[in-house]
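Novice: Chains as they are written, first to last, in our numbering: chain H, 9 to 122; chain P, 66 to 177.
Ideal placement from N, C-alpha and C gives every residue a C-beta, glycine not left out.
What you are looking at is a predicted structure, and each value in this text was computed from that prediction instead of being measured.
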Amino acid sequence: ETGVTQSPTHLIKTRGQQVTLRCSSQSGHNTVSWYQQALGQGPQFIFQYYREEENGRGNFPPRFSGLQFPNYSSELNVNALELDDSALYLCAGGTPQDGISPLHFGNGTRLTVT
Amino acid sequence: QKEVEQDPGPLSVPEGAIVSLNCTYSNSAFQYFMWYRQYSRKGPELLMYTYSSGNKEDGRFTAQVDKSSKYISLFIRDSQPSDSATYLCAMVPTDSWGKLQFGAGTQVVVTP
């Protein structure tokens with residue numbers, strides 16, 4: 009059990025629509041990172057939030073945005089969905105200690121854009 | 066060229082054999098190295114993480130890091146069918162905690 013829960017498990021959307029994915033992390037995880045994993049690929053870093061502020065972004069356009077809330081939950085929002093956005097979206101929580109500590113991943117939300 | 070290269074496999078081995086996995090990387094800023102296991106329809110599960118060059122052992126798993134060659138390995142001894150999964154290497158610079166750079170993952174199949 010990683011202490012990271014994501015919802016929904018699966019989602020189907022139409023191109024051009026907007027989607028919100030949710031993540032709930034256990035108490036103490038003051039940092040949340042979001043990743044996109046296309047089929048057959050490794051996860052790609054989207055962005056990270058630390059104490060409710062964005063703290064680093066990967067090579068993703070501004071239509072990918074997020075929020076982190078004081079109760080250790082987080083959201084990933086994607087506007088103007090494209091077919092290439094179809095992927096597994098992973099949320100990971102953790103607490104940096106002495107520079108490194110494990111990132112704990114949820115089981116992801118599988119998004120299909122048609 | 067990708068910063069982290071990993072052979073996607075699939076790698077098929079008989080039960081009881083040693084599984085050998087590896088990744089190469091190009092960015093010398095990477096200082097922390099991890100191996101994750103991912104079962105189908107699940108999120109990545111951390112197996113090993115290490116900082117320094119050398120070996121780290123945990124049960125049936127051994128992780129090796131050679132920073133001079135920019136090469137990391139994971140060995141699984143006495144492999145079991147339950148080890149069948151995709152294995153992902155990941156790495157991160159010192160000042161970028163949480164912003165992991167992953168390899169593409171190697172699919173491993175352990176046959177009874």
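To the nearest angstrom, report how far apart Gln25 of chain H and Glu83 of chain H are at their CA atoms.
Specialist: C-alpha separation (whole angstroms): 17 Å.
Novice: Helix, strand or coil: how does DSSP classify Asp106 of chain H here?
Specialist: With a pLDDT of only 49 at Asp106 of chain H, under the threshold of 50, the placement of this residue in the model should not be trusted, and no figure is reported.
Novice: List, in chain order, every chain H residue whose beta-carbon is nearer than 9 Å to that of Ser77 of chain P.
Specialist: Correct list: empty, because the minimum Cβ distance to chain H is about 17 Å.
Novice: Excluding the 5 residues flanking Gln172 of chain P on each side, which residues of the same chain have their C-beta closer than 6 Å to its C-beta?
Specialist: So the qualifying residues of the chain are Gly74, Pro75 and Thr151.
Novice: For the beta strand (DSSP E) containing Gln45 of chain H, list its first residue and its last residue.
Specialist: Its beta strand (DSSP E) spans residues Thr39 to Gln45.
Novice: In this structure, does DSSP put Ser81 of chain H in helix, strand or coil?
Specialist: DSSP places Ser81 of chain H in strand when its eight states are reduced to three.
Novice: If we count the other Cβ atoms within 10 Å of its Cβ and call it buried at 16 or more, is Tyr136 of chain P buried or exposed?
Specialist: Burial call: exposed.
Novice: At what residues does the beta strand (DSSP E) containing Glu90 of chain H begin and finish?
Specialist: Neither: Glu90 of chain H is in no beta strand (DSSP E) and is coded neither H nor E.
Novice: Would you say Gly64 of chain H faces chain P, with C-beta separation under 8 Å as the test?
Specialist: Taking Cβ atoms only, chain P reaches closer than 8 Å to Gly64 of chain H, which makes this a yes.
Novice: Excluding the five sequence neighbours on either side, which residues of its own chain have a C-beta within less than 8 Å of the C-beta of Thr159 of chain P, listed in chain order?
Specialist: Ala94, Gln96 and Tyr97, listed in sequence order.
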